[in-house]
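Have a look at the structure below before the remarks.
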Amino acid sequence: MGTTRLLNVHVQKYSTHAPSGSDKKHDTDTKAVSSYWGVTPPSLTKVDGSAWKWNCFRPWEAYEADTTIDVKKHHNPVTWNDKIAFGVVQALKYPTYLYFKKKHIHHAVLLETVAAVPGMVGGMLLHAKSLRRFEQSGGWIKALLEEAENERTHLMTFIDVYKSKWHERALVFAVQGVFFNAYFLAYLASPKLAHRITGYLEEEAVNSYTEFLNDLEKGVMEDIPAPAIAIDYWCLPQNSTLKDAIRVIRADEAHHRDLNHYASDIQCQGHELKEYPAPIGYH
């Protein structure tokens, strides 16, 4: 009943219809699995009446990114906690830049496979903490998991225009394995340090996408049409290009930068995250 009410609230401006006899052209086994427990998903359409093709996100989760956000903001490292976090990120940055140089899409693919880790790790550990202590999280679990899902969608955008090579996949596998466990231990030891590290990582992500955007605007790289998933996820015009997609992705990264620096500031001042409402659904 709760699920039904939620769908009624969010899908009211989208057309839905239950699968009819004409849908029998679909795989019978797949349909049996999806409807076996009486949870047959509705067929969604966009405002213009065309079919909604994405199962990974729904029409009400699409949004227009705030591209007016300050992309030059930098948290000046003052405390030892800040300096350690800044030093860690700088140490990770230079080998990456030397490896990828001007191969922006290659860099973006690796960047997003790493950037989607902190939100998931932080959300998971806050979730476990909330269960152990029988307490609310102030919305921070949801905010961090939203961040992880948003970063993953960035990756889905890039793999639509670039097919990674086997050695790049191997590199992602190795880097993610090391980074996930290292960040997990860092968050257990000091959440404020972990969030500060993520804040500085996001600053570097903003810088990387700024360079990417500059090269697209200068004509150094071909400005190809934006992937379909990007057009629907960020509510972009149908004639949008990769440049438009990079601009909204950069805005997302700037928001993640601010969110994580804010989380670290809260804890550095001796408070817990739950004491301050998380910036959920900023878009």
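Here the working numbering = 1-based position in the sequence shown + 156.
Positions of the beta carbon are idealized from the N, C-alpha and C atoms, including for glycine.
Nearest-angstrom Cβ-Cβ length linking residue i and residue j, presumed shorter than 8 angstroms
i, j, result
"Val466", "Tyr356", "This structure cannot speak to residue 466, because the chain is shown only from 157 to 439."
"Ala218", "Ala361", "Contact flag wrong, Cβ pair sits at about 22 angstroms."
"Gly294", "Pro383", "Contact doesn't hold; Cβ gap of about 35 angstroms is too wide."
Sequence-distant residues of the same chain with beta carbon closer than 8 angstroms to residue i, five excluded per side
i, result
"Lys202", "Tyr170, Trp208, Pro215, Asp388"
"Pro251", "none"
"Thr309", "Cys212, Phe213, Ile385, Tyr389"
"Leu301", "Gly275, Met276, Gly279"
Residue nearest to residue i in terms of C-alpha spacing, selected from the options
i, options, result
"Met280", "Lys257, Ala384, Trp296", "Trp296"
"Ala350", "Gln425, Tyr339, Arg325", "Tyr339"
"Val454", "Ser320, Phe329, Phe336", "Given that the chain is displayed from residue 157 to residue 439, the structure contains no residue 454 and the question cannot be resolved."
"Tyr318", "Pro251, Leu301, Pro433, Leu398", "Leu398"
"Val227", "Ile405, Ile353, Glu431, Ser420", "Ile405"
"Lys258", "Ser206, Phe242, Phe368", "Phe368"
"Asp371", "Leu327, Ile402, Ser206, Glu431", "Ile402"
"Asp400", "Glu431, Val234, Lys430, Tyr365", "Tyr365"
"Asn237", "Ser346, Pro381, Leu341", "Ser346"
Cβ shell of residue i (< 7 angstroms), same chain only, five flanking positions each side left out
i, result
"Phe256", "His262, His263"
"Thr172", "Per-residue confidence for Thr172 stands at a pLDDT of 44, beneath the threshold of 50, marking its modelled position as unreliable; the derived number appears in the next sentence. So the qualifying residues of the chain are Pro198, Ser199, Leu200."
"His230", "Glu359"
"Phe314", "Ile261, Ala264, Val265, Glu268"
"Glu305", "none"
"Pro435", "Ala299, Leu415"
"Cys391", "Ala218, Tyr219, Glu220"
"Ile240", "Leu349"
Residue i versus residue j: straight-line alpha-carbon distance, rounded
i, j, result
"Thr196", "Ile225", "40 angstroms"
"Asn232", "Val244", "15 angstroms"
"Ile422", "Glu268", "26 angstroms"
"Tyr418", "Met312", "27 angstroms"
"Lys249", "Gln292", "36 angstroms"
"Arg289", "Glu428", "13 angstroms"
"Leu282", "Glu378", "42 angstroms"
"His182", "Asp316", "With a pLDDT of 49 at His182, under the threshold of 50, the modelled position of that residue is not reliable, and no figure is offered here."
"Arg325", "Val334", "14 angstroms"
"Asn395", "Asp204", "15 angstroms"
"Asn363", "Ile353", "16 angstroms"
"Cys424", "Gly375", "44 angstroms"
"Gly177", "Pro393", "With a pLDDT of only 47 at Gly177, under 50, the local geometry of the prediction cannot be trusted, and no value is derived from it."
"Ala431", "Ser320", "Correcting the residue identity first, residue 431 is Glu in this sequence and not Ala. About 43 angstroms."
"Ala247", "Trp322", "26 angstroms"
"Lys285", "Ser420", "17 angstroms"
"Leu341", "Tyr253", "26 angstroms"
"Glu409", "Glu307", "8 angstroms"
"Phe242", "Ala330", "23 angstroms"
"Gly426", "Glu373", "45 angstroms"
"Val484", "Trp210", "Residue 484 cannot be examined here, being either before or after the span of the chain that is shown, 157 to 439."
"Ser206", "Leu287", "42 angstroms"
Spatial neighbours of residue i in its chain, beta-carbon cut-off 6 angstroms, leaving aside the 5 residues before and after
i, result
"Glu303", "Gly275, His412"
"Gln479", "Residue 479 lies beyond the stretch modelled for the chain, which goes from 157 to 439, so this question has no answer here."
"Leu327", "none"
"Ile380", "Leu398"
"Trp193", "none"
Check: residue i C-beta below 8 angstroms from any heavy atom of the ligand ADP
i, result
"Ile240", "In terms of ligand content, the structure shown is empty, and the ligand ADP therefore cannot be addressed."
(message) Quick check on the DSSP output: what are the complete alpha helix (DSSP H) runs of length 4 or more inside the segment 299-357, in order along the chain?
(response) The qualifying runs are 322-345.
(request) With a floor of 4 residues, list each alpha helix (DSSP H) that falls wholly inside the segment 242-304, ordered by position along the chain. (result) Counting only runs of 4 or more, we get 260-289.
(request) Let me know the alpha helix (DSSP H) ranges lying completely inside the segment 348-436, each 4 residues or longer, listed in chain order. (result) 384-389, 398-424
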